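Take a look at the structure set out below.
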Amino acid sequence: MSHDTATIEDLHGHDSHGHGEHGHMPFLAHHFDDPEQQFDSGKLGMWLFLVTEVLFFSGMFCAYSIYRSLHPEVWTFASQFLNETLGAFNTGVLLFSSLSMAWGVRCAQLRQRTGLVVCLAITLGCAAMFLGIKAIEYTHKWDMGLLPAGSYESQFLPGAHHEGLSPWLYVLSFVPAACVVGFGGWYLWTLAKGQKRLSEVAGPLLVTALCYFVGVFIGIAFQNAEASAHAKHGADTHAADKPADGHSTADHSAIESHSSALASDESHEAPHGDTSKETSSEKSHASQTSLVGPAHRAPGDPTEAQVDQAGGAGLFFSIYYCMTGVHAVHILGGMLVLAWLLVRATKDHFNEQYFGPVDYVGLYWHLVDLIWIYLFPLLYLIK
Amino acid sequence: MSEHAAHGEHHGFAHPAPVWQLLAVFFALVGLTILTVFQATLDLGNMELIISLFIATIKAALVILFFMHMLHDKPLNAIIFLSSFVFVALFIGFTLMDVHAYKDSVELKEVDSPRMLVEPAE
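Chains Z and S supply the protein sequences, listed in that same order.
Residues in the first sequence are numbered from 1 upward in steps of one, following this note's numbering.
Residues in the second sequence are numbered from 384 upward in steps of one, following this note's numbering.
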């Protein structure tokens, strides 16, 4: 670092070190020599934080690799329930948000205030769209009984499918809907009051909340397209009605499938009208398929039924929800800091000497994108 | 500091990425995503995982080098960040080695277990 006192005094305005006395550098903390040192320190800290993030996610990637290497057939079977189109589209959305984030850093460095606000708004909007599509994916799976181990419902039993919009979608969409109303009202208020700067905050936030619903509608459109394509293939498989409540049986003790630690299956109930009532679960898995009568859909492969019933598929969905869920939480966290950046951008805080916060948030945002780059092929593209 | 002074007063220590570079990286990433989706439709057997991870790693490298500016960053930052992947490799690699060292004995137990005597559908 330079010890050129002339430069330092130049930057600090005068000799005394105190808050708010940096003259034209209001954000230069007094324990730093100059803006570059402040920027480099912050950046080092951010990279260290990203290291902890990588190591944090590596725990989940480790669980993934162990179970995939031990049970590759489970992965082949279960990943067919993931919507590849939506996953690919969401990858594109995240990549575009990364582009706009990187462009935003450039705008901050070039003191392009409007450009930065627009870039941050696009990044926020893409993040919300990603979550909207994710909401469609999640709720569709919840309807199908594609749940984590312990709650997973067999896909070869009748009644595992659900038609129409999921009630869970309304639950998940509550907060975004409230945001549309809140930000919309705030935006109109700022317009009415002629508060130009605040309207530049409220407007992008309103667009962000609306983008969630754009994502939802895109998700529904893709989902419907997929469903109609499937309907052509397997229209004749809807043979049996759903038994009243008895089909959540074999999959309850999913993780323990190969350790056989749990002997009894308390929640086991024979489906309606079934003659062979099972009392001990020792053999229940062996006869599960014949027990429930006509299958909702025929397993394509003998191992598929085995994987489905032995509970391995539930394990896949445990890992799927854990990895994508933690990733989605990171998106949400990123959106919060992006909103903070948006507020500061409208206040014209950033320039070629002080763009650290934009750069650091950008680094974080790209890391979240990076994790998705690996999650997408590892979860969606298995054959 | 003197090297930055040569850069001119205009951007100081900032290195704004040119727009063409950002766009080129973005379209390369989209192209690689399309490639990996296409690759998944092919039946490549065991190579599939390796190829899809290879494509993902190229994408990750593009993001790190250009979007995260590692190309122009301090070497210390690059060393710190990339060293995390060394530890990830150790973590996952050793855990997998350990799991597979016990794999055979675990599977022997599975054969004894009635839970695993699942008959495929008739």
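Backbone N, C-alpha and C fix where the C-beta goes; we use that ideal spot for every residue, glycine too.
Since we're looking at a predicted model, the values are computed, not measured.
Asked                                                                                                                                                                                                               : Found
Is there contact here, the segment 202 to 222 of chain Z with the segment 126 to 144 of chain Z, by at least three beta-carbon pairs under 8 angstroms?                                                             : yes
For Val368 (chain Z), decide whether its Cβ has a neighbour in chain S, counting only Cβ atoms nearer than 8 angstroms.                                                                                             : no
Can you give the beta carbon distance from Ala78 (chain Z) to Phe317 (chain Z), rounded, assuming they're within the 8 angstroms contact cut?                                                                       : 7 angstroms
State the DSSP-derived secondary structure class of Tyr360 (chain Z), mapped to helix, strand or coil.                                                                                                              : helix
How long is the line joining the alpha carbons of Leu86 (chain Z) and Phe222 (chain Z), rounded to whole angstroms?                                                                                                 : 7 angstroms
Per the contact definition of three or more C-beta pairs closer than 8 angstroms, is the segment 434 to 447 of chain S in contact with the segment 35 to 46 of chain Z?                                             : no
Find out if the Cβ-Cβ distance for the pair Ser467 (chain S), Val54 (chain Z) is shorter than 8 angstroms.                                                                                                          : yes
Quick check on Asn351 (chain Z): does DSSP put it in helix, strand or coil?                                                                                                                                         : strand
Looking at the unbroken alpha helix (DSSP H) that takes in Gln80 (chain Z), where does it start and where does it end?                                                                                              : Counting along the chain, Gln80 (chain Z) falls outside any alpha helix (DSSP H), and DSSP gives it neither H nor E.
Name the residue from Z:Tyr364, Z:His330, Z:Tyr321 whose alpha carbon lies nearest to the alpha carbon of Tyr380 (chain Z).                                                                                         : Z:Tyr321
Check whether the segment 449 to 460 of chain S touches the segment 354 to 373 of chain Z, taking contact to mean three or more Cβ pairs, one atom from each stretch, closer than 8 angstroms.                      : yes
Is Leu378 (chain Z) closer than 8 angstroms to Leu50 (chain Z) when the C-beta atoms are compared?                                                                                                                  : no
Report the CB separation of Tyr187 (chain Z) from Ala177 (chain Z) in whole angstroms; it is logged as a contact under 8 angstroms.                                                                                 : Wrong, their Cβ atoms sit about 16 angstroms apart, outside the cutoff.
Can you list the residues of chain Z that Val482 (chain S) reaches, using a CB-CB cut of under 8 angstroms?                                                                                                         : Ile66, Ser69, Leu70
Would you give the residue range spanned by the alpha helix (DSSP H) that Gln38 (chain Z) belongs to?                                                                                                               : 35 to 70
Pro357 (chain Z) CB to nearest chain S CB: under 8 angstroms?                                                                                                                                                       : no
Which residue from Z:Phe183, Z:Trp189, Z:Ala149, Z:Trp142 puts its Cα closest to that of Trp168 (chain Z)?                                                                                                          : Z:Trp142
For chain Z, find out if any of its Cβ atoms is closer than 8 angstroms to the Cβ of Ala443 (chain S); answer yes or no.                                                                                            : yes
Does the segment 88 to 96 of chain Z come into contact with the segment 407 to 420 of chain S, if we say contact requires no fewer than three beta-carbon pairs (one atom in each stretch) closer than 8 angstroms? : yes
Run down chain Z in chain order and give the residues with a C-beta less than 8 angstroms from the C-beta of Leu405 (chain S).                                                                                      : Leu99, Ala102, Trp103, Arg106
Buried or exposed: Met129 (chain Z), going by 16 or more other Cβ atoms within 10 Å of its Cβ?                                                                                                                      : buried
Who are the Cβ neighbours of Ala121 (chain Z) in its own chain at under 8 angstroms, not counting the five residues just before and after it?                                                                       : Gly203, Pro204, Val207, Thr208, Leu342
Just the Cα atoms here: how many angstroms apart are Thr76 (chain Z) and Ile319 (chain Z)?                                                                                                                          : 14 angstroms
On the criterion of 16 or more Cβ atoms from any shown chain inside 10 Å, does Ala80 (chain Z) qualify as buried, or is it exposed?                                                                                 : For the sequence presented, residue 80 (chain Z) should be read as Gln rather than Ala. That one is exposed.
Find the residues of chain S that neighbour Thr91 (chain Z), judging by a C-beta separation of less than 7 angstroms, and give them in chain order.                                                                 : Thr416
Taking the alpha-carbon positions, what's the Met46 (chain Z) to Lys383 (chain Z) distance?                                                                                                                         : 37 angstroms
Taking C-beta pairs closer than 8 angstroms, name the residues in chain Z that Val446 (chain S) reaches, listed in chain order.                                                                                     : Ser98, His366, Asp369, Leu370, Ile373
How far does the alpha helix (DSSP H) with Val117 (chain Z) in it reach, from first residue to last?                                                                                                                : 113 to 144
Using the C-alpha atoms, what's the distance from Glu200 (chain Z) back to Thr114 (chain Z)?                                                                                                                        : 9 angstroms
By alpha-carbon positions, which one of S:Phe396, S:Phe421, S:Phe474, S:Asp481 ends up nearest to Ala88 (chain Z)?                                                                                                  : S:Phe421
Applying a beta-carbon distance threshold of less than 8 angstroms, which residues of chain S neighbour Phe39 (chain Z)?                                                                                            : Phe396
Output the distance between the C-alpha atoms of Ala397 (chain S) and Lys43 (chain Z), rounded to the nearest integer angstrom.                                                                                     : 13 angstroms
For Arg197 (chain Z), which residues from the same chain have a beta carbon less than 6 angstroms from its beta carbon, with the 5 sequence-adjacent residues on both sides left out?                               : Thr346
So what's Met323 (chain Z) in DSSP terms, helix, strand or just coil?                                                                                                                                               : helix
Which bits of chain Z does Ser467 (chain S) rub up against, with CB to CB less than 7 angstroms?                                                                                                                    : Val51, Val54, Leu55
So Met323 (chain Z) and Tyr152 (chain Z) are in contact, right, with Cβ under 8 angstroms, and what is the actual spacing, rounded?                                                                                 : Contact doesn't hold; Cβ gap of about 16 angstroms is too wide.
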